[in-house]
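Be aware that the sequence shown starts at 38, since it is given in this note's numbering, and climbs by one per residue. Ideal Cβ positions, reconstructed from N, Cα and C, are used throughout, including at glycine. Worksheet for the structure shown next.
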Amino acid sequence: MNKNLFLECKDKIENKINEILDKEMEKYSDNEFIKESIGELKRLSSSGKRVRGYLIKLGAMLFGKDDDSYLDLAAAIEIFQTAILIHDDIIDEAQKRRGMQTINSKYPGHIGISKAICIGDLGFFISYRIINNANISKELKEEIVKIYSKTLHNTVNGEIVDVELPLKSISYHKSMSEKVIYDIYVNKTAWYTIIGPVLIGAASAGAKKEDKEKLIKMGTYLGIAFQIKDDLLGIYQDSDKMGKTLNDIKEGKQTIIYKYAIDHANKEELKEIEKYYGNPSVTKEESKKIAELFDMLGAKKNAEELVKEYTDRGIEIINDMDVSNKDEFITFADYLLNREN
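Spelled out as structure tokens, the structure:
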């Protein structure tokens, strides 16, 4: 990975986000409530990895476009991501995000939830307006709005299933197909982490329809690998390194790791998993016990192998495409899938 290019783009994206949100706050200098809300959006937008914004840049570079025209679109997708996470924190009852206190936990009781809903919505509206005001052709603007809208729609579809599944019994989880979990991965992660940003960048550089179809397939594979890696970190990584509270076991998060474990567990092991997985009162020691059981059942190893398998599939597609700067794209994908947080 060209670390200097990534860091340069990261700084430019952050400056653009700050510029946009500072202007938004100036508009409401006489309204302390709206100004404060935009300030909260800025606070939680301040420390992102800028993966999605950089993927817009890389998507454009694949088709020979290497300038700063991506910055407005990158800022839009990063603010969009913050908005998604603000709503996600309500659903997860999360206390910490990106190493900072979440909006839903910062304010007392229902006020925190209400403010988080409003501020998340505000983020969506601002990001749409950024795209609408971008200095690009009408045709390109329409195409990017379609990609953006499809990304948002798929993300919400994935979240709906992700919220409902933990309410089902362990026998239901055993009987269901793995496809249910993979559909969540594709809708909730692949589209908004990989496919959407890369497609927006590629579209801005004039990519052909057949190339965009290949990018969707590539992004699907890399997005699945990205989410499985995230699931591994969610169970086996230290919470301080992740910058958020590790709630995957407490929430009963439906993952390929969990699915593999219950499919290979005996009756006693199933009882143990059922007792703790999805139990809001589970302790750190009990969570560690479940993580060790999953490892013993081969679920961790299986997940690690799947990360490699889906990464290889995605990289094979990009390698076979007649595009520019593919090495930078591939090394960045490798960086994402070997990350520690």
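For residue i, does the three-state DSSP call read helix, strand or coil?
{"i": "GLN132", "result": "coil"}
{"i": "GLN118", "result": "helix"}
{"i": "GLN138", "result": "strand"}
{"i": "THR292", "result": "coil"}
{"i": "THR368", "result": "helix"}
{"i": "GLN274", "result": "coil"}
{"i": "MET358", "result": "coil"}
{"i": "LYS321", "result": "helix"}
{"i": "TYR107", "result": "coil"}
{"i": "GLY233", "result": "helix"}
{"i": "SER241", "result": "helix"}
{"i": "GLY85", "result": "coil"}
{"i": "SER208", "result": "helix"}
{"i": "GLU306", "result": "helix"}
{"i": "TYR297", "result": "helix"}
{"i": "GLU377", "result": "coil"}
{"i": "ASN224", "result": "helix"}
{"i": "GLY351", "result": "helix"}
{"i": "TYR314", "result": "coil"}
{"i": "GLY260", "result": "helix"}
When the Cα atoms are used, what is the spatial distance from residue i to residue j?
{"i": "GLN274", "j": "SER174", "result": "45 Å"}
{"i": "SER208", "j": "ALA120", "result": "35 Å"}
{"i": "ILE163", "j": "ASP109", "result": "12 Å"}
{"i": "LYS281", "j": "ASP267", "result": "Because LYS281 sits at a pLDDT of 47, beneath the cut-off of 50, its placement in the model cannot be relied upon, and the following sentence gives the value as read from the coordinates. Distance between the alpha carbons of LYS281 and ASP267 is about 12 Å."}
{"i": "MET38", "j": "LEU373", "result": "10 Å"}
{"i": "ARG87", "j": "LYS304", "result": "44 Å"}
{"i": "TYR313", "j": "LYS79", "result": "37 Å"}
{"i": "GLU365", "j": "TYR222", "result": "25 Å"}
{"i": "GLY271", "j": "ASP67", "result": "42 Å"}
{"i": "VAL182", "j": "VAL235", "result": "14 Å"}
{"i": "GLY351", "j": "ILE367", "result": "9 Å"}
{"i": "ALA239", "j": "PHE100", "result": "7 Å"}
{"i": "ASN52", "j": "GLU69", "result": "24 Å"}
{"i": "PHE117", "j": "ASN375", "result": "25 Å"}
{"i": "ALA302", "j": "LEU334", "result": "7 Å"}
{"i": "ILE184", "j": "LEU307", "result": "42 Å"}
{"i": "SER206", "j": "PHE161", "result": "34 Å"}
{"i": "GLN291", "j": "LEU202", "result": "7 Å"}
{"i": "MET213", "j": "ALA227", "result": "21 Å"}
{"i": "ARG89", "j": "GLY260", "result": "12 Å"}
{"i": "ARG166", "j": "SER142", "result": "28 Å"}
{"i": "SER324", "j": "LYS287", "result": "8 Å"}
{"i": "TYR295", "j": "GLN264", "result": "13 Å"}
{"i": "ASN224", "j": "LYS321", "result": "30 Å"}
{"i": "ALA113", "j": "GLU309", "result": "45 Å"}
{"i": "LYS133", "j": "LEU269", "result": "19 Å"}
{"i": "ILE127", "j": "MET137", "result": "15 Å"}
{"i": "ILE154", "j": "ILE123", "result": "8 Å"}
{"i": "GLY14", "j": "HIS147", "result": "The chain is shown from 38 up to 378; residue 14 falls before or after that span and cannot be answered."}
{"i": "ASP59", "j": "GLU73", "result": "11 Å"}
{"i": "LYS94", "j": "ASP103", "result": "8 Å"}
{"i": "GLU61", "j": "TYR107", "result": "20 Å"}
Would residue i be called buried (16 or more neighbouring beta carbons within 10 Å of its own) or exposed?
{"i": "ILE197", "result": "exposed"}
{"i": "LEU382", "result": "With the chain covering only 38 through 378, there is no way to say anything about residue 382."}
{"i": "ASP357", "result": "exposed"}
{"i": "GLU342", "result": "exposed"}
{"i": "ASN191", "result": "buried"}
{"i": "ASP348", "result": "Looking at the sequence provided, one finds Thr at residue 348 rather than Asp. It counts as buried."}
{"i": "GLY157", "result": "buried"}
{"i": "ASP285", "result": "buried"}
{"i": "VAL360", "result": "buried"}
{"i": "VAL319", "result": "buried"}
{"i": "ASN378", "result": "exposed"}
{"i": "GLY233", "result": "buried"}
{"i": "SER84", "result": "exposed"}
{"i": "GLY243", "result": "exposed"}
{"i": "LEU252", "result": "buried"}
{"i": "ASP277", "result": "With a pLDDT of only 49 at ASP277, under the threshold of 50, the placement of this residue in the model should not be trusted, and no figure is reported."}
{"i": "VAL217", "result": "exposed"}
Output the boundary residues of the alpha helix (DSSP H) element that contains residue i.
{"i": "LYS245", "result": "Where LYS245 is concerned, there is no enclosing alpha helix (DSSP H), given that its DSSP letter is neither H nor E."}
{"i": "PHE162", "result": "146-170"}
{"i": "THR192", "result": "175-201"}
{"i": "ALA335", "result": "For the sequence presented, residue 335 should be read as Gly rather than Ala. From DSSP, GLY335 is part of no alpha helix (DSSP H); its letter is neither H nor E."}
{"i": "PHE70", "result": "69-82"}
{"i": "GLY90", "result": "88-98"}
{"i": "TYR219", "result": "215-221"}
{"i": "GLU45", "result": "40-64"}
If we cut at 8 Å on Cβ distances, does residue i have a partner in chain B?
{"i": "LEU307", "result": "Included in the structure is just one protein chain, with no chain B present."}
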